[in-house]
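Heads up, the thing below is written out as structure tokens.
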Amino acid sequence: MAQEKVYLAAPLFSLAEKRLNEELARNLEDNGFCVFLPQRDGMEFAEERSITPSRRAQLIYELDVQKVEEADIVIAVLDGRVPDEGVCVEIAIAAEQRRITGRQKLILGLKTDTRMLLDEAELNPMIMGCLDSLFRTFADVLVHIRKATV
């Protein structure tokens, strides 16, 4: 069986966010998945100084879209009262690609944060509509993807 490709969509701007992302990626890799982690594998923090900020932004966008499209599984970290806007775009790209192509792609949310948008809704319905499932723990995400990829 080919190694499943995972795109880990997560905020990557604070030390705590980066550490969580690294831990999640390492755990996935230890479980046999091939992980694209933008903060580690992408253009986000490339040291290339010869390109303009607008060109760098375009390169980030292009690479991340490509990697979302190549992924078999997209896992989105949705912590915070309002999820990171980049993460929301990444899951929307994955959902739209799946809708247009009919390609099976698992799109999972991880929300360990107990804050909610509304009393009756964990997340905005547009975000929930992109997800196959939403989980509270990473252990539950792993159990789900192991079952889904057998």
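If you read the sequence shown in our numbering, its first letter stands for residue 8, the second for the next number, and so on.
Glycine is no exception: its CB is placed at the ideal position from the N, C-alpha and C atoms.
Given the structure is predicted, the values throughout are model-derived calculations rather than measurements.
Which residue or residues does DSSP assign as beta-bridge partners of residue i?
i: C41; result: K12
i: F142; result: L117
i: A83; result: A16 and G116
Within a Cβ cutoff of 6 angstroms, which residues of the same chain sit near residue i, ignoring the five residues on either side of it in sequence?
i: R88; result: R122
i: P18; result: E24 and D91
i: E156; result: Note on residue identity: the sequence assigns Thr, not Glu, to residue 156. The answer, listed in chain order, is E11.
i: K74; result: Y14 and F43
i: E76; result: Q104
Among the residues of its own chain, which have a CB less than 8 angstroms from the CB of residue i, if the five just before and after it don't count?
i: R153; result: N38
i: A78; result: K12, V13, Y14, F43, A101 and K112
i: I58; result: L66
According to DSSP, is residue i part of a helix, a strand, or is it coil?
i: D147; result: helix
i: G93; result: helix
i: T108; result: helix
i: R122; result: coil
i: V157; result: coil
i: A78; result: coil
i: L130; result: coil
i: M50; result: coil
i: T58; result: It should be pointed out that residue 58 corresponds to Ile in this sequence rather than to Thr. Coil.
i: R33; result: helix
i: R26; result: helix
i: R88; result: coil
Between residue i and residue j, which are expected to be in contact by the criterion C-beta below 8 angstroms, what is the C-beta distance as a whole number of angstroms?
i: E69; j: C41; result: E69 to C41, Cβ: 20 angstroms. No contact.
i: A16; j: I80; result: So it is not a contact: roughly 11 angstroms between Cβ atoms.
Within the same chain, show all residues whose beta-carbon is closer than 7 angstroms to that of residue i, passing over the 5 residues directly before and after it, in chain order.
i: R143; result: K118 and T119
i: V72; result: I100
i: D139; result: L113, I114 and L115
Would you say the beta carbon of residue i is closer than 8 angstroms to some non-hydrogen atom of the ligand GDP?
i: R56; result: Ligands in the displayed structure: none, and consequently the ligand GDP is not present.
For the structure I just gave you, are there three or more beta carbon pairs, one from the region 26 to 38 and one from the region 95 to 111, closer than 8 angstroms? No, because fewer than three Cβ pairs between the region 26 to 38 and the region 95 to 111 fall closer than 8 angstroms, the two stretches do not touch.
Would the region 58 to 69 and the region 112 to 122 be scored as touching if the rule is three or more Cβ pairs under 8 angstroms? These segments do not touch.
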